[in-house]
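> Okay, here's the structure, questions in a sec.
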């Protein structure tokens, strides 16, 4: 009996060490929510504000999904915000000046976004220009193109059907079904992962501890659902975010492409010796980044209804900071999609809470800069300790 308890305690310690970033993020998120709930006299956790927070954070989280692949591969994309702004203006111009329908506008935006990603990928993968320089150049180019196509004026409003991409909500019944299906998938994934670990002789948590983790996640999801149903339900954008997260998590963990991306970021020379086509892998990573940026631009434009030359400013830094806070290494080789989403939502929570407190934008920039500096410092320190 004593030996079994010792084994369980040892497995728990292993699990905590292996997921220390996730545990820390959960605690930090809870602290942020509690702090702003007190400082805003209960407004922060209201159904209206939580819904707005999810919609605001969704754009950054979608960007984070693409950015985590870029950073895991050992790269960076400083053009993401400018590209998002360009694509949002491009889509708005198609809608307002050319009377293009919602479906063709979305298709054109996705295609152009992917081609822009391939453009970045070409210079980085095949011309061997450092990602920092190539994407910084791209940032300047697409800021200029945004001013060119938008003529320095606000473009909009977009059609009601397009706006649903960023402002639409599931019916209450559909929201309930979505959460139930999501929780079923989560439980199935957790159990499958547990069985896989056991089959390979890896340590697993006891049934009691595993059940506790599942109950906590399911309980928090139900609580969030109840709060959101008091307003309008679950936003379409959150459903899209979930589908993208599921797809990219699968690609990261269960495909040759995903393993190649992580291998590339961990050790470029070893990846080359292992037969990985490095230029092609990098090209694919940046092509996906362009596609993801296009999706984020569609969601953002749908939410705000119009585009200006200022759209996308500093969005790349919010996505990068969120990824780092979520456990993505600045040195490449490690990071998860779920961590990036939690990290970007945490940054959105900070921004939302400070806005509710009517804090000056100057102070907000200082706070976000400090968070980025601390997150990078922790990442580098953890790498040194691991060595």
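Residue numbers (the working numbering): 8 to 394.
The beta carbon of each residue, even a glycine, is placed where N, CA and C say it ideally should be.
Since this is a predicted model, take the numbers as computed values, not measurements.
Do residue 77 and residue 292 have their beta-carbon atoms positioned less than 7 Å apart in this structure?
Yes, Cβ-Cβ distance for residue 292 and residue 77 is below 7 Å.
> Pairing CB atoms from the region 48-61 with CB atoms from the region 282-290, are three or more of them under 8 Å?
They do not touch, by the three-pair rule.
> Which first and last residues belong to the alpha helix (DSSP H) in which residue 172 is found?
Counting along the chain, the alpha helix (DSSP H) containing residue 172 begins and ends at 167-174.
> Specify whether the region 305-312 and the region 64-73 touch according to this definition: at least 3 beta carbon pairs, one from each stretch, less than 8 Å apart.
These segments touch.
> Quick check on this structure: which residue in 318, 151, 200, 176 has the alpha carbon closest to the alpha carbon of residue 242?
That would be 176, whose Cα lies nearest to the Cα of residue 242.
> Starting from residue 314, follow its DSSP beta bridges and name the residues at the other end.
Paired residues: 162.
> Report the start-end ranges of each beta strand (DSSP E) in the region 56-113 that is 3 residues or longer and not cut off at the edges.
As far as the region 56-113 is concerned, it has no whole beta strand (DSSP E) run of at least 3 residues.
> So, is residue 93 buried or exposed, given that buried needs 16 or more other C-beta atoms within 10 angstroms?
So residue 93 ends up on the buried side.
> On the three-pair Cβ rule with 8 Å, is the region 175-194 touching the region 224-241?
Touching, yes.
> Taking buried to mean at least 16 other C-beta atoms within 10 Å of its own C-beta, is residue 9 buried or exposed?
Annotation note: pLDDT 45 at residue 9 (below 50); position unreliable, coordinate value reported separately. Answer is exposed; the Cβ neighbour count stays below 16.
> To the nearest whole angstrom, what separates the beta carbons of residue 329 and residue 81, a pair I think is in contact under 8 Å?
Residue 329 to residue 81, Cβ: 19 Å. No contact.
> If you follow the alpha helix (DSSP H) that residue 215 is part of, which residue opens it and which one closes it?
Element bounds for residue 215: 214-236.
> For my contact list, residue 332 and residue 354 are in at a C-beta cut-off of 8 Å; report their separation, rounded to the angstrom.
The pair is a contact, with the Cβ atoms about 7 Å apart (cut-off 8 Å).
> Are there 16 or more other CB atoms within 10 angstroms of the CB of residue 199, so buried, or fewer, so exposed?
Exposed is the call here.
> Report the three-state DSSP secondary structure of residue 286 (helix, strand or coil).
Correct three-state label for residue 286: helix.
> Which residues does DSSP pair with residue 242 in a beta bridge?
Beta-bridge pairing links residue 242 to 176.
> Which word fits residue 263, buried or exposed, when buried means at least 16 other C-beta atoms lie within 10 angstroms of its C-beta?
Exposed, by the Cβ-count rule.
> Tell whether a beta-carbon distance below 7 Å holds between residue 314 and residue 162.
It is a contact, given that the beta carbons lie within the stated cut-off.
> Using a Cβ-Cβ cutoff of less than 7 Å, which residues in the same chain neighbour residue 20 once the five nearest sequence positions on both sides are dropped?
Here residue 20 scores only 49 on pLDDT, less than 50, and its place in the model is too uncertain to base an answer on.
> My parser needs the alpha helix (DSSP H) runs of 4 or more residues fully inside the region 319-387; what are they?
DSSP runs (the alpha helix (DSSP H)) wholly in the region 319-387: 322-332, 344-363.
> Just the Cα atoms here: how many angstroms apart are residue 301 and residue 117?
One C-alpha to the other measures close to 5 Å.
> Can you give the Cα-Cα distance for residue 2 and residue 170, rounded to whole angstroms?
Residue 2 lies beyond the residue range present for the chain, which begins at 8 and ends at 394; the question has no answer from this structure.
> Using CA coordinates, which residue listed in 83, 310, 249 is at the minimum distance from residue 145?
Answer by Cα proximity: 83.
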